[in-house]
Amino acid sequence: MSDPYSQGPQQPQYVSGPPQSWTPPQPPPRGKNRGTVVGLVVLAVIVGFIGVAGYLSSKSDPDTAAIGDCVARGSGSSIRVVECTDPASDYKVVGKVPDKTQVQFNISSQRICNPFPTAKSAYWKGESGGKGYVLCLAPVK
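All you need for my numbering is the position in the sequence shown, starting with 1, plus 13.
What follows is the structure in structure tokens.
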């Protein structure tokens, strides 16, 4: 006779499918991360190149010229700041006069630089119709 209260061997209960909160781990997609890394490196190199080029071009901009800096003639009527040891250097900045219009410069460019006795040339830069500055220049050679 069997014991009515004994249930016999237990059968495991199975639930169809995995539990709802569990998802199997997904391997990272191959190649996609490498492309992203390469793209970021290329972008960093481009940004760095633009930064260096911008720095170097602004360094030679006459707006950055200070008394004692040397300049060389550029294309047309432009000038650029160069090292005084550069063979291309033509003039040394001996004075800087702010807030002058182009008309004031054209009328009295020689008198603007009178306070700087070694000045033999002058250079004006500014906005047409507005004010700018005058660099008073002495020959280097």
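The C-beta atom is built at its ideal place from N, Cα and C for all residues, glycine as well.
Item	Value
Euclidean distance between Cα positions of E140 and T98	31 Å
Spatial neighbours of A101 in its chain, beta-carbon cut-off 7 Å, leaving aside the 5 residues before and after	A85, V95
Beta-carbon proximity of G108 to F129, cut-off 9 Å	yes
Exposure of G143, with buried meaning 16 or more beta-carbon neighbours within 10 Å	exposed
Outcome for V106 when other beta-carbon atoms lying within 10 angstroms are tallied against a minimum of 16	buried
Alpha-carbon spacing of Q123 relative to K113, whole angstroms	13 Å
Beta-carbon proximity list for K154, same chain, < 8 Å, skipping 5 on both sides	D103
Extent of the continuous alpha helix (DSSP H) to which V116 belongs	115 to 125
Cβ-Cβ distance between L150 and W137 below 9 Å	no
Chain-order list of residues whose beta-carbon lies under 7 Å from that of I80 (same chain, five-residue window excluded)	V106, V107, G108, K109
Pairwise C-alpha distance: I125 and G89	22 Å
Sub-9 Å separation of S134 and P152 beta-carbons	yes
Outcome for I92 when other beta-carbon atoms lying within 10 angstroms are tallied against a minimum of 16	buried
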